[in-house]
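Below is one structure, written out as structure tokens; comments come after it.
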Amino acid sequence: MTFDFDRIIDRRNTHSSKWDGMAAALGVTAHDALPLWVAEMDFSAPPAVQQALQAEIDRGTYGYYTGDHTWREAMSAWLARRHQWQPDPDWITPTPGIVAALGLALQAFSEENDHVVVFSPAYHAFGKIIAANNRRIHNQPMINEQGRYRMDFDGLAKSMPADAKVVFFCSPHNPGGRVWDAEEIRQLCEFCIERDLLLISDEIHADLVYSGCRHRVTADVVPEIARRLITLSGATKTFNLAGTHVGGAIISDPEIRKRFRAMAARSGLLSFSTLGMIATETAQRHGDAWLDALLPYLEANRDYLAAEIVKAVPGARPMHLEATYLAWIDFSAIGMPRKDFMAAIRDRARLGVSPGPQFGPGGEDWIRVNFATPRSNLELAITRLSETFC
Ligand SMILES: Cc1ncc(COP(=O)(O)O)c(C=O)c1O
Numbered sequence: 001m002t003f004d005f006d007r008i009i010d011r012r013n014t015h016s017s018k019w020d021g022m023a024a025a026l027g028v029t030a031h032d033a034l035p036l037w038v039a040e041m042d043f044s045a046p047p048a049v050q051q052a053l054q055a056e057i058d059r060g061t062y063g064y065y066t067g068d069h070t071w072r073e074a075m076s077a078w079l080a081r082r083h084q085w086q087p088d089p090d091w092i093t094p095t096p097g098i099v100a101a102l103g104l105a106l107q108a109f110s111e112e113n114d115h116v117v118v119f120s121p122a123y124h125a126f127g128k129i130i131a132a133n134n135r136r137i138h139n140q141p142m143i144n145e146q147g148r149y150r151m152d153f154d155g156l157a158k159s160m161p162a163d164a165k166v167v168f169f170c171s172p173h174n175p176g177g178r179v180w181d182a183e184e185i186r187q188l189c190e191f192c193i194e195r196d197l198l199l200i201s202d203e204i205h206a207d208l209v210y211s212g213c214r215h216r217v218t219a220d221v222v223p224e225i226a227r228r229l230i231t232l233s234g235a236t237k238t239f240n241l242a243g244t245h246v247g248g249a250i251i252s253d254p255e256i257r258k259r260f261r262a263m264a265a266r267s268g269l270l271s272f273s274t275l276g277m278i279a280t281e282t283a284q285r286h287g288d289a290w291l292d293a294l295l296p297y298l299e300a301n302r303d304y305l306a307a308e309i310v311k312a313v314p315g316a317r318p319m320h321l322e323a324t325y326l327a328w329i330d331f332s333a334i335g336m337p338r339k340d341f342m343a344a345i346r347d348r349a350r351l352g353v354s355p356g357p358q359f360g361p362g363g364e365d366w367i368r369v370n371f372a373t374p375r376s377n378l379e380l381a382i383t384r385l386s387e388t389f390c
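Per our numbering, the sequence shown starts with residue 1, numbered consecutively.
Here it is as structure tokens:
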């Protein structure tokens with residue numbers, strides 16, 4: 001079966017955060033502006049998902065959902081098939097997305113003002129949910145070693161505040177696209193065990209890994225971490241279902257699972273969106289062929305962007321991505337202050353990209369560019385950047 005990732009879908013005026021929220025969030029107001037920011041794709045979801053949702057729409061009844069065991073089994077089977085790790089379906093709790101699960105974990109396992117460790121630059125919602133829960137972020141800058149990030153455990157051992165309780169680990173990492181190897185994961189887990197930290201392993205980008213790399217599931221690499229581990233996983237990034245707001249918190253330790261579920265119950269979050277549950281279950285049951293077709297398309301976009309941006313913006317340095325569709329590009333050597341290059345991207349190139357400072361220390365002069373869009377959009381973006389910076 002072939003899938004058409006080149007098809008342009010007009011998403012304007014559809015309540016799309018990526019398209020319709022660009023002006024408010026980034027100040028990109030031109031009528032022909034192109035959004036390359038929020039982490040979602042411009043491709044339609046797998047046909048099986050479309051059919052399953054269409055069946056719901058044809059029925060026209062949108063009542064409450066029950067029977068999430070089939071959803072949990074589908075996620076467990078997906079992880080076994082794609083990542084050689086099979087959690088017991090009973091370990092999995094649906095949540096209204098990954099960020100919601102991060103918030104619940106903070107509320108269940110830390111106190112106000114406690115520190116939460118984040119390896120920066122890091123996905124900006126980490127900082128937001130930490131601040132919204134009146135916890136404090138401890139940014140541990142990663143080391144950029146010849147264009148590849150690694151976590152700095154020596155630095156963390158020296159700088160970590162005594163009241164740190166939780167680590168948010170992004171695996172694969174956003175931004176920068178690192179696929180952590182088993183040794184790095186082992187080091188992190190040993191650190192958490194030694195320092196009595198709860199480890200939240202956000203593995204939402206796990207399926208979006210490029211050739212030559214393999215995602216390693218934290219729980220699989222270091223089984224001894226189970227007593228202090230929450231794994232966050234789901235189908236929403238992989239299959240472009242972010243707006244359906246469903247994630248999975250996978251917890252093998254019964255005590256941690258009980259506390260996590262109690263916190264979810266306290267907030268009335270143990271009732272799930274019917275459309276979201278059906279969409280994500282269907283994707284994980286029937287989406288393999290679609291994903292297998294998507295990955296080479298994304299990989300070709302990654303390579304195209306990396307090759308062309310250095311010509312379009314002299315001095316730009318893209319990091320080599322092992323995973324994710326979020327290019328991370330260093331603009332510090334283009335010979336222009338940040339304020340000016342961001343204004344040029346916004347007003348002259350008419351592109352909505354994520355500003356690096358959003359991602360914390362280490363992101364200052366970088367931009368993040370989402371390339372999960374038809375190739376023709378990416379070509380247009382390169383043309384506009386070239387007209388702006390050459
Ligand atoms: C690392 C990471 N975690 C979580 C999310 C968001 O997940 P959700 O929409 O399920 O809250 C994103 C989205 O970009 C992400 O990059």
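Here a beta-carbon is modelled for each residue, glycine too, at the ideal position from N, C-alpha and C.
Please look up how many angstroms separate the CB atoms of P35 and K18, rounded, as I've assumed it's under 8 angstroms.
About 5 angstroms separates the CB atoms of P35 and K18; that is less than 8 angstroms, so the two are in contact.
Looking at R186: is its Cβ nearer than 8 angstroms to the Cβ of V221?
Yes; because the gap between Cβ atoms is below 8 angstroms, this pair is in contact.
For G97, is the beta carbon positioned less than 7 angstroms from some heavy atom of ligand 1?
Taking 7 angstroms as the cut-off, one finds at least one heavy atom of ligand 1 near enough to the beta carbon of G97.
Measure the Cβ-Cβ separation of A312 and P318 and say whether it is below 8 angstroms.
For A312 and P318, no; Cβs fall outside 8 angstroms.
In chain order, which continuous runs of the beta strand (DSSP E) of length 3 or greater are located wholly inside the stretch 120–161?
With a minimum length of 3 residues, the continuous beta strand (DSSP E) runs that stay inside the stretch 120–161 are 136–141.
For F371 and R302, believed in contact at Cβ under 8 angstroms, the rounded distance:
Between F371 and R302 the Cβ distance is about 6 angstroms, and since that is below 8 angstroms, they are a contact.
Identify the residues that DSSP records as bridge partners of I230: which are they?
I200.
Can we count T236 as close to ligand 1, meaning its CB is less than 7 angstroms from some heavy atom?
T236: yes, Cβ under 7 angstroms from ligand 1.
My output table needs one value for D42: the three-state DSSP class, helix, strand or coil.
Reduced to three states, the DSSP call for D42 is coil.
First and last residue of the uninterrupted beta strand (DSSP E) at I382
No beta strand (DSSP E) contains I382, which is instead part of the alpha helix (DSSP H) from R375 to F389.
Keeping to the same chain, check which residues put their C-beta closer than 7 angstroms to that of S332; ignore five residues upstream and five downstream.
D365.
Helix, strand or coil for A30, going by three-state DSSP, please let me know.
Three-state DSSP puts A30 in coil, outside helix and strand.
So, for G176: in the same chain, excluding its five sequence neighbours on each side, which residues have a beta-carbon less than 6 angstroms away from its beta-carbon?
In the same chain as G176, and ignoring 5 residues on each side of it, the C-beta atoms closer than 6 angstroms to its own belong to Y149, M319 and W328, in chain order.
On the criterion of 16 or more Cβ atoms from any shown chain inside 10 Å, does R228 qualify as buried, or is it exposed?
It counts as buried.
Taking the beta strand (DSSP E) that N370 falls in, what are its first and last residues?
W366 to N370 is the extent of the beta strand (DSSP E) around N370.
Could you pull the DSSP bridge partners for T95 from this structure?
Under DSSP, T95 takes part in a beta bridge, and its partners are G247.
State the DSSP-derived secondary structure class of A108, mapped to helix, strand or coil.
In the three-state scheme derived from DSSP, where H, G and I count as helix and E and B as strand, A108 is classed as helix.
What residue does the beta strand (DSSP E) around F169 start on, and which one ends it?
Start and end: A164 to C170.
With distances taken Cα to Cα, identify the nearest neighbour of Q51 among T282, A132 and P141.
Among T282, A132 and P141, the Cα nearest to that of Q51 belongs to T282.
Beta strand (DSSP E) segment containing W328, residue limits:
Where W328 is concerned, the enclosing beta strand (DSSP E) starts and stops at L326 to D330.
Drop a sphere of 10 angstroms on the beta-carbon of I225, count the other beta-carbons inside from all chains shown, and report buried for 16 or more, exposed for fewer.
By the neighbour-count rule (16 or more Cβ atoms within 10 Å), I225 is buried.
Hey, L232 and I200 are a contact pair by Cβ (cut 8 angstroms); roughly how many whole angstroms apart?
About 7 angstroms separates the two Cβ atoms, so the contact holds.
Is there at least one non-hydrogen atom of ligand 1 closer than 7 angstroms to the beta-carbon of A242?
Answer for A242: yes, Cβ within range of ligand 1.
Measuring CB to CB, does Y210 end up less than 8 angstroms from N174?
No. Outside cutoff.
Out of curiosity, what's the CA-to-CA distance linking D163 and D42?
Cα-Cα distance, rounded: 42 angstroms.
Which residues mark the beginning and the end of the alpha helix (DSSP H) in which P87 is found?
Per DSSP, P87 belongs to no alpha helix (DSSP H) and is neither H nor E.
Is N174 near ligand 1, with its Cβ less than 7 angstroms from a heavy atom?
Yes, since a heavy atom of ligand 1 falls inside the 7 angstroms radius drawn around the Cβ of N174.
Quick check on the DSSP output: what are the complete alpha helix (DSSP H) runs of length 4 or more inside the stretch 260–320, in order along the chain?
Entirely contained in the stretch 260–320, the alpha helix (DSSP H) runs reaching 4 residues are, in chain order, 274–286 and 288–312.
What did DSSP end up calling P223 once you bin it into helix, strand or coil?
Helix.
For G352, which three-state DSSP category applies?
Correct three-state label for G352: strand.
Are there 16 or more other CB atoms within 10 angstroms of the CB of G60, so buried, or fewer, so exposed?
A residue is called buried when at least 16 other Cβ atoms come within 10 angstroms of its Cβ; G60 does not meet this threshold and is exposed.
Where Q146 falls, given that 16 or more other Cβ within 10 Å makes a residue buried
By the neighbour-count rule (16 or more Cβ atoms within 10 Å), Q146 is not buried but exposed.
Is I204 near ligand 1 - that is, is its Cβ less than 7 angstroms away from at least one heavy atom of it?
Answer for I204: yes, Cβ within range of ligand 1.
So, I98 versus G276, is the Cβ gap smaller than 8 angstroms?
No; because the gap between Cβ atoms is not below 8 angstroms, this pair is not in contact.
Do P94 and D68 have their C-beta atoms within less than 8 angstroms of each other?
Taking 8 angstroms as the cut-off, the Cβ atoms of P94 and D68 count as close.
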